[in-house]
Amino acid sequence: MAKVTVSLPLPWRSDGGLPKTVEVDADDLATALERVASRSPHVRRAMYRVDGQLRESIGVFVNDRDARGGDGLRHRLRDGDGIVVVAASAGG
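Going by our numbering, the sequence shown opens with residue 1485, and the numbers climb by one from there.
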């Protein structure tokens, strides 16, 4: 199992009571995100739709590479990988 760091958007941290980065042990990206979401109901609601799928407005990057390509959430993780979660925002 890999030890990875997950960086979260500011609103999720302040509303969800989590630090800027969260360390988790996970074999793949889906497991890492689920372990972070399990720490805060607010983060879970922000990250996942009611049907349990990752929201389309969420960007996920592993080591600065967009995770939507390739293996997606099945992406295998290695020790030291950095995951960044980005929440799209709208306004005007």
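C-beta atoms are modelled at their ideal positions from N, C-alpha and C, and glycine is treated no differently.
All of these numbers come straight from a predicted model, not from anything done at the bench.
Beta-bridge pairing of S1491 - partner residues as DSSP gives them:
Numbered from its first residue, the sequence shown carries residue 1491 at position 7. S1491 pairs with T1505 and V1568.
Span separating the alpha-carbon of L1538 from that of L1492
Here residue 1538 refers to the residue found at position 54 of the sequence shown. Here residue 1492 refers to the residue found at position 8 of the sequence shown. Cα-Cα distance, rounded: 15 Å.
Assuming H1514 and D1565 are in contact, meaning their beta carbons sit under 8 Å apart, how far apart are those beta carbons, in whole angstroms?
Along the sequence shown, one-based indexing puts residue 1514 at 30. Along the sequence shown, one-based indexing puts residue 1565 at 81. One detail in the question is off: residue 1514 reads as Ala in this sequence, not His. Going by Cβ atoms, the distance from A1514 to D1565 rounds to 14 Å, so no, they are not a contact pair.
From which residue to which residue does the alpha helix (DSSP H) around V1520 run?
On the sequence shown, position 36 is the one that residue 1520 refers to. That run of the alpha helix (DSSP H) goes L1513 to A1521.
Please state if the CB of V1544 and the CB of D1535 are separated by a distance shorter than 9 Å.
Working through the sequence shown from its first residue, we reach residue 1535 at position 51. Working through the sequence shown from its first residue, we reach residue 1544 at position 60. Cβ atoms of D1535 and V1544: not closer than 9 Å.
What are the boundary residues of the alpha helix (DSSP H) that V1544 is part of?
On the sequence shown, residue 1544 is found 60 positions in, with the first residue counted as 1. Per DSSP, V1544 belongs to no alpha helix (DSSP H); it is in the beta strand (DSSP E), I1542 to V1546.
With H, G and I counted as helix, E and B as strand and the rest as coil, what does DSSP make of D1535?
Residue numbering aside, residue 1535 sits at position 51 when the sequence shown is read from its first letter. Reduced to three states, the DSSP call for D1535 is coil.
Sequence-distant residues of its chain with Cβ nearer than 7 Å to E1497 (five each side left out)
Position 13 of the sequence shown holds residue 1497. Reading off the sequence, residue 1497 comes out as Arg, not Glu. Once the five neighbours on either side are set aside, the close Cβ partners of R1497 are P1503 and K1504.
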